[in-house]
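Undergrad: FYI, the numbering for the sequence shown is -5 to 384, going by my numbering.
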Amino acid sequence: MAEIKVREKELGITYGRITEEGLARMRARIGVPYYPERYNEEATKDGIRHFVNSIGDRNPLFRDENYALKTRFGGIVAPPIFLYGVCAPQGMDGLPGVHAFYCACEWEWLQYIRRNDTMTCVDMLTDMEEKQGKMGGTQFLQHGMVTYRNQRNELVGKCHRMTMRVDRKEAAQRGKYSDIKTYKYTDEEMEAIYRAYDDELANIRGRNPRYWEDVKVGDVIKPIPKGPLSMTDMQAFYAGFGIPGWGITEAHGIRLSFMRKHPAWATRSESGSLEPMADVHSGDDVAAAIGVPQAYDLGVQRFSWLGSMMTNWIGDDGFLKKLSAQARLFNLFGDTQWMSGKVTKKYKEGKECAVDFEIWCDNQRGERTTTGEATVWLPSKEEGRLPLDD
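Here it is in structure tokens:
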């Protein structure tokens, strides 16, 4: 930690404070629409493939043209969670130098995302909620709503996003997570991860319909790993997900111009050049300077993994209707998340044959890092195809 403390002086991080003036400016934005820059504006074959690669999703419906031609879609489609790759949920605006942790989401989808659909999105801050946390003391939870429409002006999906704003200096001084050490895996543990990845691929439901009548309350999704988290995983995620305007996927003059315009979002490398504050997701020293002992994942990344788990389970003839998730603990470099879920309810609403899930992630230490819920629509032996297909 000594080296990190020395580097902290050189990082040039802005330690902003939560002030009444800053909160007043934020509250003035409530209800004002914002049109964020899009990354995957169009759901192209390449864009879809890059996105699913970025989250380790091997479902052939999203990547194999020959396979997808034989499905009811007649070609490749995008997974519902692809909307994260259209435009990133906001929540970092305002309160310069106060850190933003994207910590929870509540998704609902209303349409399929078909190849070459063109997407637009609108974001809006809806509320500010004061919280008390062990990490940063007085914190503020920003609520917002992002809506996505296609070229036919159909509402495709909407996401209630939640971002916790935390005083960086306070979090660093409190050191809530300072005792966490890099996990060292045994050969046996790594072999178990390799086998689980093989099982994940083998258990993708695909074109074998999972009928509503065959599902029982208490059914469990076999645990699926994501990890151990590495720098390569983060680079792959940025390549498919994008996050335009963060200075992550823009280079040279484009990135440096952004850094100079938003100095509270900048830090400095050992060479003295400007780097984005998003380096908390790739550099241990930057993460430690805000109270996290190592580089860590993004909330949108982890929530996307849960979306992938659900689309693998429902098969090509199902539909992911809702997904909500809350990040409870950090997922650090070297950590492995084991995702799973359990059926809690099955019911019919009109022609909709629905199944509700409890979903979660546990890390290799046995800690529950993520909790959530999901609702899926499944084909029925009695009702036939989904209402969306009528």
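C-beta: ideal position from N, C-alpha, C; glycine also. All values reported here derive from a predicted model rather than from experimental measurement.
Just how far apart, CA to CA, sit Thr338 and Met20?
TA: On the sequence shown, residue 338 is found 344 positions in, with the first residue counted as 1. On the sequence shown, residue 20 is found 26 positions in, with the first residue counted as 1. Roughly 39 Å separates the two Cα atoms.
Undergrad: So who's on the other strand from Asn357, going by DSSP bridges?
TA: Within the sequence shown, numbered from 1, the residue matching residue 357 stands at position 363. Looking at the DSSP assignment, Asn357 forms a beta bridge with Gln331.
Undergrad: When you compare only the Cα positions, how much space is there between Tyr177 and Pro270?
TA: Translated into the one-based positions of the sequence shown, residue 177 becomes position 183. Translated into the one-based positions of the sequence shown, residue 270 becomes position 276. Near 27 Å, if we compare the C-alpha coordinates of Pro270 and Tyr177.
Undergrad: Is the separation between the beta-carbon of Glu264 and that of Ser318 shorter than 8 Å?
TA: The count along the sequence shown starts at 1 and reaches residue 264 at position 270. The count along the sequence shown starts at 1 and reaches residue 318 at position 324. Not in contact: Glu264 and Ser318 (Cβ atoms no closer than 8 Å).
Undergrad: At which residue ranges does the stretch 282 to 348 contain complete beta strand (DSSP E) runs of 3 or more residues, listed in the order of the chain?
TA: The qualifying runs are 313 to 321 and 331 to 343.
Undergrad: Determine contact between the stretch 24 to 43 and the stretch 153 to 173, defined as no fewer than three beta-carbon pairs at a distance below 8 Å.
TA: These segments do not touch.
Undergrad: Grab me the residues of Leu135's own chain with a C-beta within less than 7 Å of its C-beta, minus the 5 sequence neighbours each way, in chain order.
TA: One-based indexing of the sequence shown puts residue 135 at position 141. Closer than 7 Å at the Cβ level, and outside the excluded window around Leu135, lie Glu123, Lys125, Met156 and Met158.
Undergrad: Using the DSSP secondary-structure output, state which residues sit across from Thr369 in a beta bridge.
TA: Sequence index remark: in the sequence shown, residue 369 carries index 375 (1-based). Partner(s): Lys316 and Asp350.
Undergrad: From the DSSP output, in three-state form, read off Met118 for me.
TA: Start at 1 with the first residue of the sequence shown, and residue 118 comes out as number 124. If DSSP states are grouped into helix, strand and coil, Met118 belongs with the strands.
Undergrad: Would you grab the beta carbon distance between Ile107 and Val150 for me? Rounded to a whole angstrom, and I think it's under 8 Å.
TA: Here residue 107 is taken as the residue at index 113 of the sequence shown, counted from 1. Here residue 150 is taken as the residue at index 156 of the sequence shown, counted from 1. The pair is a contact, with the Cβ atoms about 6 Å apart (cut-off 8 Å).
Undergrad: What beta strand (DSSP E) runs, 3 residues minimum, are completely inside the stretch 105 to 182?
TA: Taking only runs of at least 3 residues, the beta strand (DSSP E) segments lying wholly in the stretch 105 to 182 are 114 to 127, 131 to 143 and 149 to 160.
Undergrad: List the DSSP bridge partners of Ser374.
TA: In the sequence shown, the residue the question calls residue 374 occupies position 380. Gly378.
Undergrad: Whose CA, out of Ala281, Gly16, Asp311 and Val71, lies closest to the CA of His44?
TA: Sequence index remark: in the sequence shown, residue 44 carries index 50 (1-based). Of the candidates Ala281, Gly16, Asp311 and Val71, the one whose C-alpha sits nearest the C-alpha of His44 is Val71.
Undergrad: Does DSSP put Pro238 in a helix, in a strand, or in coil?
TA: In the sequence shown, the residue the question calls residue 238 occupies position 244. Note: Pro238 maps to coil in three-state DSSP.
Undergrad: Any idea which residues DSSP pairs Glu59 with across the strands?
TA: For the purposes of this step, residue 59 is taken as residue 65 along the sequence shown, with counting starting at 1. DSSP output for Glu59 lists no bridge partner at all.
Undergrad: Straight-line CA distance for Lys220 to Arg296?
TA: As a first step, residue 220 is located in the sequence shown; it is residue number 226 there, counting from the start. As a first step, residue 296 is located in the sequence shown; it is residue number 302 there, counting from the start. About 9 Å.
Undergrad: In three-state terms, what does DSSP make of Phe252?
TA: As a first step, residue 252 must be located in the sequence shown, where it is residue number 258. Note: Phe252 maps to helix in three-state DSSP.
Undergrad: What is the rounded straight-line gap between the Cα of Thr65 and the Cα of Trp101?
TA: If you number the sequence shown from 1, residue 65 lands on position 71. If you number the sequence shown from 1, residue 101 lands on position 107. Cα-Cα distance, rounded: 25 Å.
Undergrad: Between the Cα of Arg52 and the Cα atoms of Leu5, Ile198 and Val26, which residue gives the shortest distance?
TA: As a working note, residue 52 is residue 58 in the sequence shown. Cα-wise, what sits closest to Arg52 is Ile198.
Undergrad: Roughly how many angstroms lie between the CA atoms of Val80 and Ala283, to the nearest whole one?
TA: In the sequence shown, counting from the first residue as 1, residue 80 sits at position 86. In the sequence shown, counting from the first residue as 1, residue 283 sits at position 289. Using only the alpha carbons, I get a separation of about 31 Å.
Undergrad: Near Tyr205, what residues of its chain come up, given a Cβ to Cβ distance below 8 Å and the 5 sequence neighbours on each side ignored?
TA: As a working mapping, residue 205 is identified with position 211 in the sequence shown. Closer than 8 Å at Cβ, skipping near neighbours: Leu372, Pro373, Ser374 and Lys375.
Undergrad: Which class does Gly196 belong to by DSSP, given the choice of helix, strand or coil?
TA: Within the sequence shown, residue 196 is the residue found at index 202, counting from 1. Looking at the sequence itself, residue 196 is Ala, so the reference to Gly does not match. Three-state DSSP puts Ala196 in a helix.
Undergrad: Whole angstroms is fine: what's the gap from Lys210's alpha carbon to Pro381's?
TA: Mapped onto the sequence shown, residue 210 falls at position 216. Mapped onto the sequence shown, residue 381 falls at position 387. About 22 Å.
Undergrad: Does the beta-carbon distance from His93 to Arg162 come in below 8 Å?
TA: To locate residue 93, count along the sequence shown from 1; it is residue 99. To locate residue 162, count along the sequence shown from 1; it is residue 168. Yes, the pair counts as a contact, with Cβ atoms nearer than the cut-off.
Undergrad: Which residues does DSSP list as the beta-bridge partners of Thr261?
TA: Position 267 of the sequence shown holds residue 261. DSSP lists Glu269 as partners of Thr261.
Undergrad: Could you check the C-alpha separation between Phe327 and Asp273 for me, to the nearest Å?
TA: For the purposes of this step, residue 327 is taken as residue 333 along the sequence shown, with counting starting at 1. For the purposes of this step, residue 273 is taken as residue 279 along the sequence shown, with counting starting at 1. In a straight line, the C-alpha of Phe327 is about 13 Å away from that of Asp273.
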